[in-house]
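Below is one structure, written out as structure tokens, with a few remarks after it.
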Amino acid sequence: MICEVMKKDEFLAIIRYLDRNWSEPWKVEAEMIKLLNESKMPRLVELGRTPLPTEYGPMTYIVFGDYATGKEHDVAVFGKFDGKKLRAYNYPLVRIHSSCRTSELFQATNCECRQELDSALEQMSKEKKGILIYLDQEGAGNGINAKLAAYRNTFDLKNGKVTVKKDKKGRKLDIYDGYVKAGYKSEHRDFDVAVAILKTLGIRSVRLMTNNPNKIEGLASKGIKVKPLGIHIKPINEIMREHLLAKAKKLGHNITDKDLK
Ligand SMILES: [Zn+2]
Numbered sequence: 000m001i002c003e004v005m006k007k008d009e010f011l012a013i014i015r016y017l018d019r020n021w022s023e024p025w026k027v028e029a030e031m032i033k034l035l036n037e038s039k040m041p042r043l044v045e046l047g048r049t050p051l052p053t054e055y056g057p058m059t060y061i062v063f064g065d066y067a068t069g070k071e072h073d074v075a076v077f078g079k080f081d082g083k084k085l086r087a088y089n090y091p092l093v094r095i096h097s098s099c100r101t102s103e104l105f106q107a108t109n110c111e112c113r114q115e116l117d118s119a120l121e122q123m124s125k126e127k128k129g130i131l132i133y134l135d136q137e138g139a140g141n142g143i144n145a146k147l148a149a150y151r152n153t154f155d156l157k158n159g160k161v162t163v164k165k166d167k168k169g170r171k172l173d174i175y176d177g178y179v180k181a182g183y184k185s186e187h188r189d190f191d192v193a194v195a196i197l198k199t200l201g202i203r204s205v206r207l208m209t210n211n212p213n214k215i216e217g218l219a220s221k222g223i224k225v226k227p228l229g230i231h232i233k234p235i236n237e238i239m240r241e242h243l244l245a246k247a248k249k250l251g252h253n254i255t256d257k258d259l260k
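In numbering that gives the first Met the number 0, the protein residues as written are 0 to 260.
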């Protein structure tokens, strides 16, 4: 019975919190950050760490709990890592990667997230050093509900094939149109939590694998020295090519024509 483990009003408060955190995670996050700051509480708690054998080589796998979002963020540290701090890691290779369950779990081919993740892990494996921060931040920070709605606004299933919907003028829609049509912003992410993770690990400088200028600015503005490293992803189909093009046009990502061929 509920009353044996928690009071009913606490239970209902948790249910309301979960509902809001699924539907408007960015609002819950902003409110929680305000309360955490007022309470002088840290945003992150380390939930644990362990050595882990992987196809990319040995890593130290660390998980942080995020009080602002209720989410868990994963960190893979490649290289010799004995202590709590990584001060010796001067400008290490770093990838800050937002989760993309559709591509990483279901091998969806409309976006480049899985290739970016693989490419980052391969490069860290080659250098035998690097830090991959995997943020539980679905749907550009809008949440998984928003991603589902945006994809539904963008894709159709016709004759057993997924096709891209068009607007009244016959122009193909992109995922960002899909978000806006569903009442969301194209981008709700900020990278403060990544900064908090880097600082917790003692890292003050990074070679950052990204094409996203907002990510570079997000770190640099919080005192992390950033040397940006572009990622070159070849689109594997027309839908992905158009997605990358939309990313460059609408979010200002540094994706060149060469990448898109
Ligand atoms: Zn993706």
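Ideal placement from N, C-alpha and C gives every residue a C-beta, glycine not left out.
Only a predicted model underlies this, so the values are computations on that prediction, with no experimental measurement involved.
Threonine 209 and glycine 177 look like a contact to me (Cβ under 8 Å); what is the Cβ gap, rounded to whole Å?
As a first step, residue 209 must be located in the sequence shown, where it is residue number 210. As a first step, residue 177 must be located in the sequence shown, where it is residue number 178. No, threonine 209 and glycine 177 are not in contact; Cβ-Cβ is about 23 Å, not under 8 Å.
Buried or exposed: where does threonine 68 fall if 16 or more other Cβ atoms within 10 Å of its Cβ makes it buried?
Mapped onto the sequence shown, residue 68 falls at position 69. When all chains shown are included, threonine 68 counts as buried.
Short of 6 Å in beta carbon distance, which residues of its chain neighbour tyrosine 55, apart from the five on each side in sequence? Order them along the chain.
Reading the sequence shown from its first residue, position 56 is the one you call residue 55. Excluding residues within five positions, the ones whose Cβ falls inside 6 Å are Leu120 and Ser124.
If you follow the beta strand (DSSP E) that histidine 242 is in, where does it begin and where does it stop?
Walking along the sequence shown from the start, residue 242 turns up at place 243. Counting along the chain, histidine 242 falls outside any beta strand (DSSP E), though it belongs to the alpha helix (DSSP H) covering 237-250.
Assess, as a yes-or-no matter, whether the stretch 192-211 is touched by the stretch 87-106 under the definition of 3 or more beta carbon pairs within less than 8 Å.
Touching, per the Cβ criterion.
Any chance the CB of threonine 101 is under 7 Å from a heavy atom of ligand 1?
Translated into the one-based positions of the sequence shown, residue 101 becomes position 102. True, at least one ligand heavy atom lies under 7 Å from that Cβ.
Could you check where the alpha helix (DSSP H) with isoleucine 174 kicks off and where it finishes?
Against the sequence shown, residue 174 aligns to sequence position 175. Residues 174-180.
For leucine 51, is the classification buried or exposed, using 16 other Cβ atoms within 10 angstroms of its Cβ as the cut-off for buried?
Taking the first residue of the sequence shown as 1, we reach residue 51 at position 52. With fewer than 16 other Cβ atoms within 10 Å, it is exposed.
Taking C-alpha atoms, which residue in Gly138, Asp155, Phe105 and Asp189 lies nearest to asparagine 213?
The residue you call residue 213 lines up with position 214 of the sequence shown. Of the listed residues, the one whose Cα sits closest to asparagine 213 is Asp189.
Using a threshold of 8 Å, state whether the C-beta atoms of histidine 187 and asparagine 141 are closer than that.
Translated into the one-based positions of the sequence shown, residue 187 becomes position 188. Translated into the one-based positions of the sequence shown, residue 141 becomes position 142. The answer is yes: Cβ separation under 8 Å.
Going by CA-CA distance only, name the one from Val192, Thr255, Gly78 and Ile230 that's closest to glutamate 241.
Here residue 241 refers to the residue found at position 242 of the sequence shown. Considering only alpha carbons, the answer is Thr255.
Is serine 297 helix, strand or coil by DSSP?
Residue coverage of the chain in this structure runs from 0 to 260, which leaves residue 297 outside it and unanswerable.
For alanine 181, I'd like the list of residues in its chain whose CB is within less than 7 Å of its CB, leaving aside the five on either flank, ordered along the chain.
The residue you call residue 181 lines up with position 182 of the sequence shown. Cβ within range, chain order: Ala145, Ala148, Ala149 and Asn152.
Quick one: what does DSSP say tyrosine 133 is sitting in, helix, strand or coil?
One-based indexing of the sequence shown puts residue 133 at position 134. Strand, per DSSP.
For phenylalanine 77, count the other beta carbons within 10 Å of its own beta carbon; 16 or more makes it buried, fewer makes it exposed. Which is it?
Along the sequence shown, read from residue 1 onward, the residue named residue 77 stands at position 78. So phenylalanine 77 counts as buried.
Between histidine 278 and lysine 246, how many whole angstroms is the CB-CB distance? I'm expecting something under 8 Å.
A query on residue 278 cannot be resolved here, the shown segment of the chain reaching from 0 to 260 and no further.
Decide yes or no for the touch test of the stretch 157-171 against the stretch 29-46: beta carbon pairs closer than 8 Å, at least 3 of them.
No, they do not touch.
Let me know the alpha helix (DSSP H) ranges lying completely inside the stretch 18-96, each 4 residues or longer, listed in chain order.
DSSP runs (the alpha helix (DSSP H)) wholly in the stretch 18-96: 24-37.
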